[in-house]
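> So for the sequence shown, the numbering used here puts the first residue at 10; every next one is plus one.
Ideal Cβ positions, reconstructed from N, Cα and C, are used throughout, including at glycine.
Below you will find the structure I want to go over with you.
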Amino acid sequence: MLKEKMIAVISAVNDEVAERRDLINMIAVCLLTRKNLFILGDTGAAKSYAINRFRRRIVGARQFERLISKQSDEEQLFGRLDLGSLIPGNVAEEVLEQDSVYQSLRKGLAAARQSLSADPAPEKLRQVGEMANLAEGYRKALAELHGNDPRIKTKGKIPESHIVFIDELFKANDGILNSLLTALNERRYTNEGVTVGIPTISFFTASNEIPNFNDPAESILRPLYDRLELKVYVKYIEDRDTRLSMLAKKQAEDKATPLTGPTITLEELCEMQREVSAVQIPAAVNELMDDILIELRRQGIHVSDRKYFGYYPIVQAHAWLCGREEAVGTDLTILRNYLWTTPDELPKISQVLTRLCENPLAGKISEIRKSIVDAAARFEQAPDGNVVRALQRFRTEAVEIYRKITGLRSYAQNDTETAQVDGLLEELEKASQKAHAATNLTYIPMNELEALIGPGGQS
């Protein structure tokens with residue numbers, strides 16, 4: 010039920026924004042995993058529009074939006090000091106707003122005043138005076154209890170927002186960088202020496218450029234960039250018919266029309282997050298991710314340990330959206346928008362993910378088959394008179410290969426792939442039979458030989 014609601018929202022937003030399926034899916038994944046998203050694209054590529062069309066369908070979520078410039082300051086993002094909280098005998102507005110007794114007294118005073126306006130009788134005037142004295146006396150008591158602790162007005166700012174969209178984040182000045190970094194990374198904010206948690210689910214940002222991290226003036230932005238875990242690169246609409254269709258929609262759009270179609274409540278989104286976190290990641294998927302890491306690093310693409318260890322929530326979200334309770338190898342293809350640092354890396358990353366995830370067995374089968382051929386060749390090339398010793402060495406190598414083949418079974422996702430693994434085992438058995446026949450020694454099936462040799466042993 011919840012999954013269908015999220016898919017309905019994704020579909021609705023896709024209908025509103027052309028050629029942005031990848032981006033819309035990533036917005037959903039971010040909200041499901043509490044990740045942050047960076048959108049790279051030329052000016053006017055509907056980056057902000059796509060985010061806004063999606064987030065307006067999250068009902069009940071407090072939202073914050075700000076376009077950053079060099080003149081932006083911390084108060085615009087995180088709130089400003091309540092000067093009233095510093096005045097002796099005064100009390101911060103925040104304290105008064107959150108105190109139920111004071112608010113009840115204020116409501117009573119307002120009701121008494123309204124009654125007096127309708128009928129200005131002396132008795133009613135006295136009641137207004139009594140209510141006013143009670144409210145003021147209680148306010149003074151609050152002021153005495155809370156002293157002159159500095160308070161920050163955070164209403165409508167990041168510390169009270171569930172979804173945050175900061176356009177042109179990298180234009181932030183040095184004064185707010187540290188606060189933003191802590192907010193993005195730890196969902197915390199420190200104010201007047203007091204650190205508090207913030208309820209933000211996801212931070213979204215967009216820009217038409219990536220900072221030049223080789224420039225000392227911009228290198229300080231690197232930690233901020235790294236905390237934007239998911240990244241999407243968008244281009245202008247390429248299909249002519251799609252452009253014309255969107256143009257017609259824009260011309261017919263009535264901005265005063267209220268929102269229609271599917272929505273998600275904040276409570277439903279939180280429940281979705283719990284369901285996503287319950288999706289299982291089997292050992293085979295973790296091993297496949299490690300293969301991806303090794304291959305990307307081999308090709309010169311930097312993938313940090315932090316990124317490697319934090320991959321799985323994104324895969325869980327993809328599996329959940331596909332209706333699975335356990336992730337499979339193909340779910341890792343979603344990581345094309347997680348693993349890149351610069352857009353020029355995208356083609357390599359996509360190629361590696363396609364090759365290893367969509368057919369993960371192919372490369373492993375090829376590698377193991379080569380190991381079988383090499384082991385057999387080494388046995389056949391053994392000097393005359395040393396065939397028994399060569400067979401011992403072959404047996405040890407064959408058992409190692411056998412263990413790899415049996416471990417490969419966990420990657421098989423259908424009967425065809427299982428048959429491919431079984432075929433590899435047959436090739437190993439035939440090579441072993443041939444080696445034993447050359448020495449006139451009794452052939453031992455691989456499963457018995459593996460038990461006989463044991464871990465790291467010799468036959």
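Provide the residue span of the beta strand (DSSP E) that contains Ser211, from first to last.
Ser211 to Ser216
> How far does the alpha helix (DSSP H) with Glu354 in it reach, from first residue to last?
Taken as a continuous stretch (DSSP letters only), Glu354 belongs to no alpha helix (DSSP H), as it is neither H nor E.
> Check Thr163 in the structure and name its three-state DSSP category.
coil
> On a CA-only basis, which of Asp424, Gly206 and Arg412 is nearest Leu434? Give me that one, please.
Arg412
> Can you give me the C-alpha to C-alpha distance between Met35 and Ala293, rounded to a whole angstrom?
Looking at the backbone, the Cα of Met35 and that of Ala293 are separated by about 24 Å.
> Can you name, in chain order, every residue of its own chain whose Cβ lies under 8 Å from the Cβ of Ser81, other than the five neighbours on each side?
Arg75, Lys180, Ala181, Asn182 and Ile185
> Distance, Cα to Cα, Glu459 vs Asp299?
26 Å
> What is the C-beta distance between Lys133 and Ser124, in whole angstroms, given that I count them as a contact (C-beta under 8 Å)?
In this structure, Lys133 and Ser124 form a Cβ contact; the two beta carbons are roughly 6 Å apart against a cut-off of 8 Å.
> So does the segment 14–33 actually touch the segment 213–221, counting three or more Cβ pairs closer than 8 Å?
no
> By alpha-carbon positions, which one of Arg43, Ala391 and Thr269 ends up nearest to Ala192?
Closest by alpha carbon: Arg43.
> Quick check: what's the CA-CA separation for Arg64 versus Leu46?
Straight-line Cα distance between these residues: approximately 13 Å.
> Provide the residue span of the beta strand (DSSP E) that contains Arg412, from first to last.
Unbroken run through Arg412 is the alpha helix (DSSP H), Val396 to Leu417; no beta strand (DSSP E).
> If distances are taken between C-alpha atoms only, which option among Glu457, Gly165 and Leu233 comes closest to Gly88?
Gly165
> CA-CA distance, Gly69 and Ile343?
29 Å
> If you check the beta carbons only, do Ala59 and Ile19 fall under 8 Å apart?
Cβ atoms of Ala59 and Ile19: not closer than 8 Å.
> Just verifying my parser: in three-state terms, what is the DSSP assignment at Asn194?
helix
> So for Gly372, helix, strand or coil by DSSP?
helix
> List the whole-angstrom C-beta distance separating Leu355 from Trp349, where the pair is believed to meet the contact cut-off of C-beta under 8 Å.
5 Å
> Out of curiosity, what's the CA-to-CA distance linking Lys244 and Asp353?
One C-alpha to the other measures close to 14 Å.
> Per the DSSP calculation, Phe73 is bridged to which residue(s)?
Val173
> So, for Phe388: in the same chain, excluding its five sequence neighbours on each side, which residues have a beta-carbon less than 6 Å away from its beta-carbon?
Ala399, Phe403 and Ala444
> Where Ala119 and Glu277 are concerned, what is the direct C-alpha to C-alpha distance, given to the nearest angstrom?
37 Å
> In whole angstroms, what is the alpha-carbon distance linking Val22 and Arg62?
6 Å
> So what does DSSP say about Phe222, is it helix, strand or coil?
coil
> Look up Glu84 in the DSSP assignment and say whether it is helix, strand or coil.
helix
> DSSP three-state label for Gln429, please.
helix
> From Asn395 to Thr405, what distance separates their C-alpha atoms?
Computed Cα separation, rounded: 16 Å.
> Alpha carbon to alpha carbon, what distance is there between Ala407 and Ala440?
9 Å
> May I ask you to report which of helix, strand or coil DSSP gives Gly332?
coil
> Between Leu230 and the rest of its own chain, which residues show a CB-CB distance below 6 Å, the 5 nearest in sequence each way excluded?
Phe179 and Pro220
> Residues in the same chain with beta-carbon distance under 8 Å from Thr52, minus the five sequence neighbours each way, listed in chain order, please.
Hits under 8 Å: Asn217.
> Tell whether a beta-carbon distance below 8 Å holds between Leu151 and Tyr111.
yes
> Check each candidate in Ile410, Met140, Leu305 and Val397 and name the one with the smallest Cα separation from Thr451.
Thr451 has its Cα closest to that of Val397, out of Ile410, Met140, Leu305 and Val397.
> Skipping 5 residues on each side, what residues in its chain have a beta carbon closer than 8 Å to that of Cys331?
So the qualifying residues of the chain are Asp340.
> Count the other CB atoms within 10 Å of the CB of Phe318; is the residue buried (16 or more) or exposed (fewer)?
exposed
> Return the bridge partner residues of Gly206 from the DSSP annotation.
The partner list for Gly206 (beta bridge, DSSP) reads Arg197.
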